[in-house]
Amino acid sequence: KLKNFVTKLATQHFFDTACGCGNFLVVTYRELRWLEQQTLLELNNTPGAQQTMPLCNVHQFHGIEIDPTAAEIATVAMWLTDHQMNQRWANGYKRIPLTSKANIHQGNALRVDWNAVIAASKVSFIVGNPPFLGYTQQSAEQKADMALIFGKAQGTGVLDYVTAWYIKAFALIKLNSQIKAAFVSTNSIT
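According to this note's numbering, the sequence shown holds residues 3 to 192 in order.
As structure tokens, then:
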């Protein structure tokens with residue numbers, strides 16, 4: 003059961019569609035690696051067990067960020083978190099040279115095909131804190147984003163900007179019903 007659990011952890015893919023500097027991805031990766039480490043310590047202490055090293059890696063993490071500087075920071079933050087978690091192993095486990103990296107796509111999340119960033123079939127979880135902007139606070143470009151997502155659907159012209167992320171997430175979930183999604187939300191979406 004422990005081996006199966008570790009394998010499952012290493013096959014999960016996390017997607018933050020408004021990742022900023024990667025805070026949600028970093029915390030998720032840190033906690034995933036901690037859980038993996040605790041499981042591996044138990045597994046490796048089982049009599050007759052073959053030593054198993056960490057399988058989880060930064061390539062399991064995907065994001066979209068409109069700000070190019072923030073996108074680069076997210077990538078580096080993931081590598082730093084990987085390094086920190088590797089140092090928790092006895093004798094400091096090393097993954098150098100760095101061959102894997104988080105897939106942080108720079109662009110407008112509402113104009114990017116999420117299925118092109120990561121195939122829906124691979125996504126396990128969609129998370130994030132998309133921007134909240136009421137209709138009167140949206141720029142002309144943001145209103146155009148909303149029109150692109152909602153088309154001519156009745157009553158959508160007054161929705162908060164964040165609601166577009168729900169529609170995009172739903173589109174991915176329609177392709178893979180196993181995806182779990184969670185966004186920071188307030189009553190402004192109703």
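Yeah, the Cβ is synthetic: ideal placement off N, Cα and C, and Gly gets one too.
Check                                                                                                                                                          : Outcome
I need the DSSP call for Phe172, collapsed to helix, strand or coil.                                                                                           : helix
Looking at the strands, I want to know which residues DSSP matches up with Glu67.                                                                              : Gln108
Look at the Cβ atom of Ala12, then the Cβ atom of Leu42, and state whether they are nearer than 8 Å.                                                           : no
So, do the region 55-70 and the region 19-29 have three or more beta carbon pairs nearer to each other than 8 Å?                                               : yes
Leaving out the 5 sequence neighbours to the left and right, which residues in its chain are closer than 7 Å to Asn46 when beta-carbon positions are compared? : Gln53, Thr54
For Asp18, which residues does DSSP report across the bridge?                                                                                                  : Gly65, Val129
Roughly how many whole angstroms lie between the Cα atoms of Thr83 and Leu34?                                                                                  : 11 Å
What residue range does the alpha helix (DSSP H) around Lys10 cover?                                                                                           : 4-13
Using DSSP's beta-bridge definition, name the partner residues of Phe185.                                                                                      : Gly130
Mind reading off the beta-carbon distance from Gly130 to Phe26? Whole number of angstroms is fine, and I expect it under 8 Å.                                  : 6 Å
Cβ of Ile181 within 8 Å of Cβ of Ile175?                                                                                                                       : yes
Would you give the residue range spanned by the alpha helix (DSSP H) that Ile151 belongs to?                                                                   : 142-152
Nearest-angstrom Cα distance between Asn105 and Thr77?                                                                                                         : 8 Å
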